[in-house]
Amino acid sequence: MKSFRSELENPVVEKDIIALERKIREFREGGLPEERFRSLRLARGVYGQRQPGVQMVRIKLPYGKVSSRQLRRIAGVSDTFSTGKLHITTRQDIQIHYVDLERTPELWAELERDQVTLREACGNTVRNVTASETAGIDPSEPFDVSPYAQAVFDYFLRNPVGQEMGRKFKVSFSASESDTGLSYMHDLGFIASLRNGERGFRVLLGGGLGAQPRHADLLYDFLPQQEIIPLMECVVRVFDQYGERKNRSKARLKFLLKDLGLEGFKALVEQQRLALPLQELGIEHGNYPEVKPAETAPEIPEVKDQAAYRAWMATNVLPQKQAGFKAVGVRVFLGNFTTDQARSLANLAEGHGAGELRFSLRQNLLIPYVREAWLPYFYQELSAMGLAAPGYNSAADITACPGTDTCNLGIASSTGIASELERVIAREYPEFLYNPDVVIKISGCMNACGQHTMAHIGFQGMSVRTPDQRVAPALQVLLGGGNLGGGQGLFADKVVKIPSKRGPMALRLILDDYLSQGNRRPYHEYYREQGQLYFYDLLKPLTAVDDLEEEDFIDWGNREKYQKEIGVGECAGVVIDLVATLLFEAEEKLAEAAEALVAGKWAAAIYLAYSARVQAAKALLTAEDHPANTHAGIVEDFDRRFGHTEAFSGIPSLGSQVALMQETSPAESFARRYTEEARAFVKQAEAFRRQTLSHAS
15 MKSFRSELEN
25 PVVEKDIIAL
35 ERKIREFREG
45 GLPEERFRSL
55 RLARGVYGQR
65 QPGVQMVRIK
75 LPYGKVSSRQ
85 LRRIAGVSDT
95 FSTGKLHITT
105 RQDIQIHYVD
115 LERTPELWAE
125 LERDQVTLRE
135 ACGNTVRNVT
145 ASETAGIDPS
155 EPFDVSPYAQ
165 AVFDYFLRNP
175 VGQEMGRKFK
185 VSFSASESDT
195 GLSYMHDLGF
205 IASLRNGERG
215 FRVLLGGGLG
225 AQPRHADLLY
235 DFLPQQEIIP
245 LMECVVRVFD
255 QYGERKNRSK
265 ARLKFLLKDL
275 GLEGFKALVE
285 QQRLALPLQE
295 LGIEHGNYPE
305 VKPAETAPEI
315 PEVKDQAAYR
325 AWMATNVLPQ
335 KQAGFKAVGV
345 RVFLGNFTTD
355 QARSLANLAE
365 GHGAGELRFS
375 LRQNLLIPYV
385 REAWLPYFYQ
395 ELSAMGLAAP
405 GYNSAADITA
415 CPGTDTCNLG
425 IASSTGIASE
435 LERVIAREYP
445 EFLYNPDVVI
455 KISGCMNACG
465 QHTMAHIGFQ
475 GMSVRTPDQR
485 VAPALQVLLG
495 GGNLGGGQGL
505 FADKVVKIPS
515 KRGPMALRLI
525 LDDYLSQGNR
535 RPYHEYYREQ
545 GQLYFYDLLK
555 PLTAVDDLEE
565 EDFIDWGNRE
575 KYQKEIGVGE
585 CAGVVIDLVA
595 TLLFEAEEKL
605 AEAAEALVAG
615 KWAAAIYLAY
625 SARVQAAKAL
635 LTAEDHPANT
645 HAGIVEDFDR
655 RFGHTEAFSG
665 IPSLGSQVAL
675 MQETSPAESF
685 ARRYTEEARA
695 FVKQAEAFRR
705 QTLSHAS
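Residue numbering for the sequence shown follows the numbering used here, beginning at 15 and increasing consecutively.
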């Protein structure tokens, strides 16, 4: 590991990577509990996968943007540490699989040489900031949202308010009213808007997918751009302090918002404002990003297969607001491509684009700033890479999570059925190659990483039991979802559950019905007119399980008989209830607060000191088998249980200290005093714990 310590330019990054290496060693030697280590590595983008002994590593790329140099670096890392394959996620990240845990610090260090991070790509953190892949080039956008997405990414990276929440927190930016960033299904969604020439955003709050989808509420119809980061910090602080921490299935922001109501939540947000380091934070946007399109023309080839070229032009070439340029969409099958293809794409974008690529929410790639006259050359080069398939973002371009290929939570194969359905469309329904208005998505389980609950046609991996108690892979068919634009969306209805091998038959019935009676209406409109019962009757013949054949017990893409195997999910981190570990974490928070004081980060020091208090209080409550579910609950329960005891009677109540943090501007003198008082509180808690143990023995 010495190779990176003297070469990384950023000392904060270097310290982070060295800390991961040290924690891995502590874990291997038995000095770090598994629960605590899992939480720590997840926040560093290191995620356990279905296969034992190896990890999935998630690379965090804000709003999906990657330079040619960064993409080459990612390809090199995959070759060195993994299998030479890359996977684009539905959050514009890159994942690589089959990585040795011991090598993850070195892998991370290699990525950071080109400013690519793993930090907070997983775990109970502020996850990757997503955005419309057309941001900056969209002819309908009021302005480019890219600098705002980048600013949010930068501000919350390593920010103490978003490191160890009850669950993950997701934020998106949409370039225009078409809402291609899908604001309505995010914890916070921002849609670009202009009001009297002022830049701002429509803001949506509390959306989410999963087993219980929730449409986001409208928080602000217009919020000036300088207020978006302070608002988000307030929202994250409220979520951190009041969000559920024990019951994972109820720990997302959408459940807290449902419990509090929008007005109740807004009141808590306002309580946080005085504690912020800045009440407004203007974001520089002039000349962003600095774009230098290539000027040296390639040799323009003569395209031999004109029919294929016309299909590609019709579906994969997007308009761009900059005169003389087009954006080229690259359809990436299920988001999977090789490192050789990645290098070729990087070279193509660098030599004849602007040296920039965007990963999309649909698991594809976009290359902007392609001169119109050079499109035949791009088609030729992409064809040579095997990446010139038409149908970018069309019905034929299916989105799917990895499912049982690598994910612990996968119930049935999502990639296998997606491959078969794409073949069905290509062979039998070629007209859907040109239809961008029907969206098909597949997830391997209810957690909806493939976003099936928002699709026009969605499939969810499940299992089904026959009368003789045999178990076969199955699919829940969902219909009628869709993005309506302007921050409005529909979630799909569950219609029927069918054996997985009947998925192609279900798709044929759905598409045949739509072609014969849909009259070119948007699919979600046709579905609503016909109603759920109509489609239940249409698909019901496929639900019978008393006539299954042997092949029905073998999932798509597999050779062996299906076995339902669900491991421990890590996408939301874990709950830590070990008393010693909690006290240790309190000490760690105090150490981080001290570092923040040295760096002059007063608000960060205060929040870390607050977190140390809460962890110490939780430790004592846990020791008495009375752990609360939220930070606010911990504060209340601690004051009720310990506030009048002799050990804590001489200090202010924990509740008053939390209120003081919210009511006091984060100046240096207050930050230092607050941190020292937190240190004294933690020491008292540790002494109380030692005394309790000595009496027990």
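Heads up, the beta-carbon is just placed ideally off N, CA and C, and yes, glycines get one too.
My guess is that residue i and residue j are in contact by the Cβ rule of under 8 Å, so how many angstroms apart are they, rounded?
| i | j | result |
| --- | --- | --- |
| K511 | L492 | That pair is no contact at about 10 Å. |
| C463 | T194 | Contact doesn't hold; Cβ gap of about 19 Å is too wide. |
| R385 | G338 | 6 Å |
| A341 | L292 | The pair is not a contact, with the Cβ atoms about 35 Å apart (cut-off 8 Å). |
| A619 | T557 | That pair is no contact at about 59 Å. |
| K335 | I151 | 6 Å |
| W570 | G430 | 3 Å |
Compute the Euclidean distance between the alpha carbons of residue i and residue j, then round it to the nearest angstrom.
| i | j | result |
| --- | --- | --- |
| N210 | P156 | 12 Å |
| I205 | L295 | 18 Å |
| E638 | F652 | 11 Å |
| G669 | P641 | 16 Å |
| R86 | H466 | 32 Å |
| Q474 | R228 | 17 Å |
| T659 | E700 | 15 Å |
| A626 | S81 | 39 Å |
| E116 | H101 | 22 Å |
| F167 | A646 | 27 Å |
| G298 | I243 | Note that residue 298 is Glu in the sequence shown, not Gly. Each residue's Cα considered, the two are about 13 Å apart. |
| N142 | D107 | 7 Å |
| Y537 | G180 | 37 Å |
| V71 | S667 | 43 Å |
| V589 | T644 | Reliability of the predicted coordinates at V589 is poor, the pLDDT of 37 falling under 50, and no value is obtained from them. |
| E445 | D561 | 34 Å |
| L46 | T595 | 9 Å |
| S708 | F702 | 10 Å |
| V612 | L282 | 30 Å |
| Q705 | Q177 | 31 Å |
| E241 | N533 | 45 Å |
| A673 | A633 | 21 Å |
| Q698 | T353 | 55 Å |
| G343 | R376 | 11 Å |
| Y548 | Y541 | 9 Å |
| A225 | Q255 | 24 Å |
| F684 | G275 | 33 Å |
| R36 | P119 | 10 Å |
| E543 | Q502 | 19 Å |
| I456 | D411 | 11 Å |
| D591 | G257 | Residue placement at D591 is flagged as unreliable, the pLDDT there being 39, under the threshold of 50; a coordinate-derived value is accordingly withheld. |
| L223 | A289 | 31 Å |
Thinking just about the alpha-carbon of each residue, which of the options is nearest to the one in residue i?
| i | options | result |
| --- | --- | --- |
| F567 | N361, D551 and K515 | K515 |
| K79 | E23, E43 and S160 | S160 |
| N572 | G417, H229 and H645 | G417 |
| Y112 | R87, G458, G220 and Y61 | Y61 |
| V485 | N643, K578 and P450 | K578 |
| G424 | M476, N407 and L523 | M476 |
| R58 | D273, V26 and W122 | W122 |
| A605 | R693, E277, R36 and Q671 | R693 |
| A520 | R534, Y548, S530 and P555 | P555 |
| S186 | Q177, V175, L202 and E178 | L202 |
| G713 | R287, Q676, K455 and R345 | Absent from the structure is residue 713, since the part of the chain shown begins at 15 and ends at 711. |
| D451 | M460, I471 and R441 | I471 |
| A426 | Q255, Q490 and E191 | Q490 |
Going by other Cβ atoms of all chains shown within 10 Å of its Cβ, with 16 needed for buried, is residue i buried or exposed?
| i | result |
| --- | --- |
| A328 | exposed |
| Q129 | exposed |
| K615 | buried |
| R42 | exposed |
| R52 | buried |
| V696 | buried |
| K29 | exposed |
| Q164 | buried |
| A356 | buried |
Answer yes if the segment 165-172 comes into contact with the segment 119-136, meaning at least three C-beta pairs across the two stretches below 8 Å, and no otherwise. yes
Give a yes or no on contact between the segment 371-384 and the segment 343-363, applying the rule of three or more CB pairs nearer than 8 Å. yes
Using 8 Å as the threshold, is the segment 434-444 in touch with the segment 380-395, meaning 3 or more CB pairs across them? no
Three or more beta-carbon pairs under 8 Å between the segment 219-233 and the segment 181-201, yes or no? yes
Does the pairing of the segment 262-275 with the segment 306-326 give three or more beta-carbon distances under 8 Å? no
Count the CB pairs spanning the segment 88-98 and the segment 144-153 that are closer than 8 Å, and state whether there are at least three. no
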